[in-house]
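In the numbering used here, the protein residues as written are 3 to 175. Here is the structure we will look at.
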């Protein structure tokens, strides 16, 4: 996929071994939990995830989400492109996603071991949607949405480990 026109990232420190943190984030149901629950940023709606047999835990594994916001269908299909436990995982959209404020995107997380745990960086590189009115909405809201998304992924992981400690990671699959 060619370079994207915009990007943002969120970095947090987490008191967990890199291997344990990677195992938790490798389950996309944990990583994408912010999209699976109703919130103000989702205008009270939520998205449902679908996974192939690889459950987004293998290079080439496909997964996606779909749902409705204000009665309008939204969806994105994605594929895992890089997976290097316990350091890096990257996935990107396949084709043109049907979203309001961002177009095609590449997302991922990077984990760097530190003396007292790990440093987690969640990032997104994205383009604005190509067609109006989504492109206009993207010009206004894309940066805020991208910051919210990476922020929720990183901070939700930090909150989980602050509450649960660096214990065994439950799988939701």
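Glycine included, C-beta positions come from ideal geometry on N, C-alpha and C.
Practice item. Could you check if residue 82 is buried or exposed, using at least 16 other CB atoms within 10 Å of its CB as the buried criterion? Key: Classification of residue 82: buried, given that the 10 Å Cβ count is 16 or more.
Point to revise | Residues of its chain near residue 2, where Cβ-Cβ distance is below 7 Å and the 5 sequence neighbours each way are ignored | key: The first residue shown for the chain is 3 and the last is 175, placing residue 2 beyond what the model contains.
Practice item. Could you have a look at residue 120 and say whether DSSP puts it in helix, strand or coil? Key: Residue state, collapsed to three classes: strand.
Exercise for review: Give the range of the beta strand (DSSP E) segment to which residue 52 is assigned.
Suggested key: If you look at residue 52, you'll find it in the beta strand (DSSP E) that goes 49-53.
Review point. In the DSSP assignment, what are the bridge partners of residue 115?
Key: According to DSSP, residue 115 bridges with 120.
Practice item. Taking only the alpha-carbon atoms, compute the straight-line gap between residue 177 and residue 69 and give it to the nearest angstrom. Key: Beyond the ends of the chain as shown, which are 3 and 175, falls residue 177; an answer cannot be given.
Point to revise | Inter-residue spacing [alpha-carbon to alpha-carbon] between residue 116 and residue 77 | key: In this structure, the straight-line span from the alpha carbon of residue 116 to that of residue 77 is close to 37 Å.
Exercise for review: Sort out for me which residues DSSP pairs residue 89 with in a bridge.
Suggested key: Residue 89 is not bridged to any residue.
Review point. Excluding the five sequence neighbours on either side, which residues of its own chain have a C-beta within less than 6 Å of the C-beta of residue 44, listed in chain order?
Key: The predicted model places residue 44 with a pLDDT of 48, which falls under 50 and marks its position as unreliable; any figure quoted below should be read in that light. Within the same chain, residue 44 has no close Cβ partners at all.
Practice item. Alpha carbon to alpha carbon, how far is residue 55 from residue 155? Give it in angstroms, no decimals. Key: Cα-Cα distance, rounded: 23 Å.
Exercise for review: Check whether the Cβ atoms of residue 9 and residue 127 lie closer than 8 Å to each other.
Suggested key: Against a cut-off of 8 Å, the Cβ pair of residue 127 and residue 9 comes out as a contact.
Check your understanding: Considering residue 31, what are the terminal residues of the beta strand (DSSP E) in which it resides?
Key -> Looking at the DSSP string, residue 31 is not in any beta strand (DSSP E); the run it does join, the alpha helix (DSSP H), is 30-33.
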